[in-house]
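Quick note on numbering: the sequence shown equals residues 0 to 259 in numbering that gives the first Met the number 0. Just so you know, even glycine gets a beta-carbon here, dropped at the ideal spot from N, CA and C.
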Amino acid sequence: MNRFTDKVAVVTGGAQGLGEAFATRFAAEGACVAIVDLQCDKCEKVAAQVRERYCVQTLAVDASVADPEAVQGVVARVMAHFGRIDIWVNNAGLYRGTAMEDISMQEWQMMIDVNYTGVFVCTKAVAPVMKRQNHGRIINMSSIAGRTGFKNSLAYCSNKAAVIGLTRASAMDLAPYGVTVNAVCPGTIMTDMVARVDAEICQHEGWPLGTHIKNKMESIPVRRLGTVEDVAGVVAFLASDDSAFVTGQAIEVDGGELLI
Ligand code: NAD
């Protein structure tokens, strides 16, 4: 299925994990893809792999989503290269598992800057382009952590809840211009981020490495962790014409984890 032929997709945090899977999925369905990340080498590598495998144009851009000037530069570069932006996935994110009493103001601010302000900065920068086109799809990566509370995750849970608010409000602002804005709330998806969470929790609890992941697998109703492809399928739907009447939603992709 080539739902994204002639479309241009931008994925932030696309150098690995979920973002890499989104970039790959868009390219597999015909889109030109720009990958934005702080990890320059990895970003270039993913862009080259995707270009060779799917014969689409790609662009790797080294920028932080938390830097408004850099993000304006990303939009300008993508427009100069491809001439339009149809899909923008706000995926770049950070997790730190820190007890409330140990969260420094520096860590708190850094989490807000990337996980929350980064989504605002990118949305504000790309919105004029999509409004002019009278078409666009913005997809924000929230989390089930934005729907509930997790231990030692005060900053992360609040940032991800805030992303849902931002999604609803920007959906209202952009709806008259043919631009939809939706959030995706993944559950536990096997990426480096989850491997790091496992390591932190196991160290904190004095458990052998992998115990947190094993416990999760046993408690999630579908009895497995999510794969990056599980989430990429939903993101691709939200980026496609099939979701034209869906906006301001936060969709859980969690194997039922929030049901427990
Ligand atoms: P990851 O750590 O594997 O990848 C995150 C990417 O974001 C990295 O490539 C990193 O370099 C990039 N990044 C970080 N700060 C950046 C910045 N300031 N500017 C640009 N790029 C930056 O994480 P992942 O598991 O692939 O998660 C991707 C997104 O999905 C995150 O927003 C995360 O919070 C969310 N999420 C993940 C899970 C999960 O289980 N993995 C669950 C729910 C939500």
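- Ranking PRO220, VAL45, MET216 by CA distance to the CA of GLY255 puts PRO220 first.
- With a threshold of 8 angstroms, the Cβ atom of TYR53 does not count as near the ligand NAD, since no heavy atom of the ligand is closer than that.
- In the DSSP secondary-structure assignment, PRO185 is bridged to VAL252.
- The Cβ-Cβ distance between THR57 and ALA22 falls below 9 angstroms.
- Here the segment 32-49 lies against the segment 10-18, with 3 or more beta-carbon pairs under 8 angstroms apart.
- Excluding five sequence positions before and after ALA27, the CB atoms of its chain that fall closer than 7 angstroms to its own CB belong to TYR53, given in chain order.
- Taking a 10 Å sphere around the C-beta of ASP101, we find fewer than 16 other C-beta atoms and assign the residue as exposed.
- Beyond the five residues adjoining it in sequence on each side, ALA30 comes within less than 6 angstroms, by CB distance, of PHE3, LYS6, ALA8 in the same chain, given in chain order.
- The segment 64-142 contains, as complete beta strand (DSSP E) runs of 3+ residues, the segments 86-89, 135-140 (chain order).
- Beta-bridge annotation (DSSP): GLY225 is paired with ILE188.
- Its chain contains ASN89, VAL118, VAL162, THR166, ALA182 as the residues whose beta carbon lies nearer than 6 angstroms to that of ASN139, once the 5 sequence neighbours on both sides are disregarded; these appear in chain order.
- Within its own chain, the residues whose Cβ lies closer than 8 angstroms to the Cβ of GLN38, once the five positions on either side in sequence are excluded, are ALA14, GLN15, listed in chain order.
- Rounded to whole angstroms, ALA59 and VAL77 show a C-alpha spacing of 10 angstroms.
- DSSP places THR23 in the helix class (H, G or I) of the three-state scheme.
- The C-alpha of THR246 is placed about 26 angstroms away from the C-alpha of SER63.
- Secondary structure note for VAL60: its beta strand (DSSP E) is the uninterrupted segment 57-61.
- Three or more beta-carbon pairs separated by less than 8 angstroms are not found between the segment 168-184 and the segment 105-116, which leaves the two stretches without contact.
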